[in-house]
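If you're matching positions, the sequence shown starts at 484 in the working numbering and goes up one per residue.
Report on one structure; see the data block that follows.
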Amino acid sequence: MARITLHDFAPNDANRGPWIPTSLSNNPRAGQWSSERMSQGMVADYKRFLMTDGEGIRCSLYVSGCPFHCVECYNESIWDFRAGHPYTQKLEDQIMEDLAQPYVQGLTLLGGEPLLNTGILLPLCKRIRKEFGNTKDIWSWTGYTWEELMRPGETPDKLELLQYIDILVDGRYMKDLHDSLLQFRGSSNQRIIDVPKSLENPSDPPVIWEKLHDQERFIPSIYGKDRASGEGDAS
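As structure tokens, this is what we get:
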């Protein structure tokens, strides 16, 4: 058996360990990565009442650990599955209390990689559905593509978590496709997916969120400018 070399992302911190194998590819095989083997039950941050992580006013939970290692990742500091602090019942209760506010539309799951932290997120999402039904929506970002998640052999916990998610922003961040005018995404390969509609026919291409409106669509009409050529009205 080939030996797996482990990389320590915080060699000078006694409380951090070498948890991410460098031999893992950025394009995992179905079932290669699992929450059971990789998650340490840690969260990096929790932010209340934001308007940047999805539609409406939201609460955002950042879980720790991601092996995708996208170049120029905004959250590279939490690739380590042991970064941050343990997820606790106190934090969960705070999330539920915040979601109960009438002006909060829902919860957003980010990271790190949410689909490799299902041990934390499945119980939380189940509780949200039990206490709020569908009056609060759940968004999630993931480095996986929809097609990867639908492959035979993917771990069942990922598919189970999808049952509770309303909107999924899928795919690795690709710096060469970066576009600051994209709605809720960093690069143009990523998609905003309506999960319930997509799960109705999982073998078909995913259904894109009907409220998608990238700003670049309006640039020519607003500024009288051809974005590709860089030319426009001088007046």
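Where is the CB? At the ideal position from N, CA and C, for every residue including glycine.
Note that the coordinates shown come from a computational prediction; the quantities given were computed from them, not determined experimentally.
Rounded to whole angstroms, the Cβ separation of S522 and G602 is 5 Å, and the two are in contact under 8 Å. At a Cβ-Cβ threshold of 9 Å, V526 and G567 count as neighbours. Its chain contains R674, I675, I676, D677 as the residues whose beta carbon lies nearer than 8 Å to that of I691, once the 5 sequence neighbours on both sides are disregarded; these appear in chain order. A distance of 9 Å or more separates the beta carbons of L651 and L605.
Under the three-pair Cβ rule at 8 Å, the segment 560 to 578 does not count as touching the segment 612 to 621.
Ranked by Cα distance from C553, the options M579, H661, L695, K609 are led by H661. R668 and E519 have their C-alpha atoms spaced approximately 28 Å apart. When the beta-carbon positions are compared, L592 and V546 come within less than 9 Å of each other. For R565, the secondary structure class from DSSP, reduced to helix, strand or coil, is coil. Taking 9 Å as the cut-off, the beta carbon of R531 is found closer than this to the beta carbon of D581. Going by C-alpha positions, K658 is about 20 Å away from P511.
For W629, the enclosing alpha helix (DSSP H) stretches over residues 629 to 632. In its chain, beyond the 5 residues on either side, Q666, I675 have a beta carbon closer than 7 Å to the beta carbon of L695. C549 places its beta carbon less than 9 Å from that of L599.
Of the other Cβ atoms in all chains shown, fewer than 16 fall within 10 Å of the Cβ of T535; this residue is therefore exposed. A straight-line Cα-Cα distance of about 30 Å links S543 and S686. In the structure shown, the three-state DSSP call for D649 is coil.
Among the bridge pairs identified by DSSP, V546 is matched with V526.
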